[in-house]
Amino acid sequence: MKNSYKLLVILIALISCTEADKYSDEGKLKIRLENSIFYLPPNYRHELRLEGKVIFDNSKESIAWPLDEARDYFHSHFWIINNDTNRSSSPLVPINYGEHLVKLVLVDFYGDTIRDSLLIQYDEPLKVELLSPIEGYSLSKTETLEFRYRISGVDSWEKAQSFTYVSTDKESLWEEENIYEPPLTEPMLTEVMYYWGVKVSTEQKTIYSEKRRLWLED
């Protein structure tokens with residue numbers, strides 16, 4: 000009720016203006032958009048929910064309303080997702096991984112437009128797959144060892160770092176001193192089991208691969 004009263008006060012200012020006055024005129028009622036909200040709801044995979052707020056302004060009052068509640072006070076609105084137009088009030092839009100430019104366009108009763116935009120970065124899940132050596136591989140001391148793995152899910156705005164870890168102790172594998180620097184250290188025992196894995200990090204996240212066993216034979 001309090002917000003409705005405030006809005007009424009603002010709208011009275013509009014009624015007192017001549018028909019030639021527009022929302023964008025200096026000193027008159029203005030409609031603007033404030034930090035339109037675009038987010039991926041957790042219960043929807045690959046869908047973007049679009050929301051926005053409309054701000055009614057004059058020199059004395061300012062009221063923020065969700066689009067659905069304020070739509071009686073402007074002519075229309077629509078969304079532009081990359082190059083596609085969507086005229087739903089609060090749509091769920093299919094989305095792929097990557098960057099997406101989302102624009103909210105509001106049209107007032109005089110045909111003037113107000114815009115707000117936001118760049119969405121939808122992260123692809125970071126993954127690392129170990130390729131070789133395979134689980135339980137037996138390596139002779141004279142053989143050259145090459146750890147091979149595949150990283151996926153690094154987005155264009157991200158930089159990734161990866162480190163290979165090798166240790167005879169499975170539980171302490173991810174400790175910093177186990178970062179692998181070739182060649183593999185020759186153990187005192189004639190035959191030893193090693194564990195190896197890969198850690199991958201970006202600015203936003205860090206993941207760890209599975210742990211694989213490796214035999215070093217005499």
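Heads up: the sequence shown begins at 0 in numbering that gives the first Met the number 0, then just goes up one per residue. We put the CB at the ideal spot given by N, CA and C, even for glycine.
**Study point:** For V92 and I79, believed in contact at Cβ under 8 Å, the rounded distance
**Key:** Locating residue 79 in the sequence shown gives position 80, counting from the first residue. Locating residue 92 in the sequence shown gives position 93, counting from the first residue. Taking C-beta atoms under 8 Å as the contact rule, I79 and V92 fail to qualify, at a distance of about 11 Å.
Check your understanding: What is the residue span of the alpha helix (DSSP H) that L66 lies within?
Key -> Here residue 66 refers to the residue found at position 67 when the sequence shown is read from its first residue. Here the alpha helix (DSSP H) through L66 covers 66 to 69.
Check your understanding: Would Y164 be called buried (16 or more neighbouring beta carbons within 10 Å of its own) or exposed?
Key -> Taking the sequence shown and counting its residues from 1, the one referred to as residue 164 is at position 165. By the neighbour-count criterion, in which 16 or more other beta carbons inside 10 Å mark a residue as buried, Y164 falls on the buried side.
Point to revise | Same chain only: Cβ atoms within 8 Å of Y38, ignoring 5 sequence neighbours per side | key: Position 39 of the sequence shown holds residue 38. L47, R48, E50.
Check your understanding: Would you report the Cα separation of D168 and Y194, rounded to the nearest angstrom?
Key -> The sequence position of residue 168 within the sequence shown is 169, counting from 1. The sequence position of residue 194 within the sequence shown is 195, counting from 1. For D168 and Y194, the distance between alpha carbons rounds to 7 Å.
Check your understanding: Can you pull the DSSP bridge partners for L103?
Key -> Looking up residue 103 in the sequence shown gives position 104. BP columns for L103 point to W78, D115.
Check your understanding: How close, in whole Å, do the beta carbons of L172 and R149 come, if the pair is a contact with beta carbons under 8 Å?
Key -> Within the sequence shown, numbered from 1, the residue matching residue 172 stands at position 173. Within the sequence shown, numbered from 1, the residue matching residue 149 stands at position 150. R149 and L172 do not touch by the CB rule: their CB atoms are close to 20 Å apart, not below 8 Å.
Check your understanding: Would you say E157 reaches chain D, if we count a Cβ-Cβ gap shorter than 8 Å as a contact?
Key -> No chain D appears in this structure, which consists of one protein chain only.
Point to revise | Cβ neighbours of V104 in the same chain (closer than 7 Å, five flanking residues each side left out) | key: If you number the sequence shown from 1, residue 104 lands on position 105. The beta carbon of V104 sits closer than 7 Å to those of H76, F77, I79, T112, R114, all from its chain and outside the five residues before and after it, given in chain order.
Point to revise | Spatially closest choice to A69 from I206, L32, E175, by CA coordinates | key: As a position in the sequence shown, residue 69 is number 70, starting the count at 1. The option with the nearest alpha carbon to A69 is L32.
Check your understanding: Smallest Cα separation from G218: which of I62, D83, E123?
Key -> There is no way to answer for residue 218, as the model of the chain reaches only from 0 to 217.
Review point. Whose CA, out of L100, V101, L66, S161, lies closest to the CA of I178?
Key: Position 179 of the sequence shown, counted from the first residue, corresponds to residue 178. Of all alpha-carbon atoms in L100, V101, L66, S161, the one lying nearest the alpha-carbon of I178 is that of S161.
Check your understanding: In whole angstroms, what is the alpha-carbon distance linking L144 and G152?
Key -> As a position in the sequence shown, residue 144 is number 145, starting the count at 1. As a position in the sequence shown, residue 152 is number 153, starting the count at 1. Cα to Cα, the separation comes out at about 27 Å.
**Study point:** Pairwise C-alpha distance: S208 and A159
**Key:** As a first step, residue 159 is located in the sequence shown; it is residue number 160 there, counting from the start. As a first step, residue 208 is located in the sequence shown; it is residue number 209 there, counting from the start. Answer to the nearest angstrom: the Cα atoms are 15 Å apart.
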